[in-house]
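Numbering (this note's numbering), first residue to last: 967 to 1195. We put the beta carbon where it would ideally sit given N, CA and C, even for glycine. Inspection log for the structure reproduced underneath, given as structure tokens.
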Amino acid sequence: MASVLVVEDDRSVRSALIRHLTEATHTVRGVGTALEALREVAQVAFDVVILDLGLPDLDGSEALKVLRGLSDVPVIIATARDDEAEIVRLLNAGADDYLVKPFSVEHLSARLAAVLRRARGGSAAPAADPVIRVGGLSIDARRRLAVLDGAALELTRREFDLLSFLAARPGVVVARRELLAEVWQQSYGDDQTIDVHLSWLRRKLGETAARPRYLHTLRGVGVKLEPPV
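Next up, the structure:
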């Protein structure tokens, strides 16, 4: 069971989604505008947000940017736009998954379950020792806490998953396709998705692509994490 916020301006579609999700034992709240959605997210700790793009007061892609400034809650985009470049842009902007309208309730349930599994640490965290140490970096998978040289890092959920996945394989070059499959749970995608998150991680680790300390990119091959020399 999860707490779900449905952001959909079409009242009949919103009612149908709320009814289906409630029958699936989720706790559901529905709103019809971006402003209402942002107000709800600021006040309630939802497990997942289903966000329509065609909202009357603010385009859903802009709402996503504002939402990401408020919360790290998983977001599933519900859209009639099936352009791949647009979908990649939304994923890079912080969406966790997307559904192209029209979609079945079974498809929604499957995507929702997958997003919740990832959000609750079901894929990227190592199963053995919950604490990983690489140089001055330590990652506590159970507490979802990353510390660098004694200082806690403020990471988004996806940044933590990416960092912990690489740190569990120190010195091993991980292909971008494997990162998409294991961290993003996607069978395909644009390299920009990974590059954007690596850039954010590098900034928080106090390094750059030109002067890496932990994260090293091998052009055309993949990425590896290893302790500084």
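query: Local Cβ density within 10 Å of residue 1045, reported as buried at 16 or more and exposed below that; result: buried
query: Supposed close pair residue 1021, residue 975 - CB separation, criterion 8 Å; result: 5 Å
query: Of the listed residues 1001, 1192 and 1067, nearest to residue 1048 (C-alpha basis); result: 1067
query: Beta strand (DSSP E) runs wholly inside the region 1047-1074, at least 3 long, in chain order; result: 1063-1066
query: Inter-stretch contact at 8 Å, needing at least 3 Cβ pairs: the region 1069-1077 / the region 977-990; result: yes
query: Contact set for residue 1145: own chain, Cβ-Cβ below 6 Å, skip 5 residues either direction; result: 1160
query: Where residue 991 sits in the DSSP three-state scheme; result: coil
query: Three-way DSSP call (helix, strand, coil) for residue 1083 in this model; result: helix
query: Beta strand (DSSP E) runs wholly inside the region 1138-1187, at least 3 long, in chain order; result: 1181-1184
query: 6 Å Cβ shell around residue 991 - same chain, five flanking residues per side excluded; result: 967
query: Whether residue 1175 touches residue 1185 by CB criterion (8 Å); result: no
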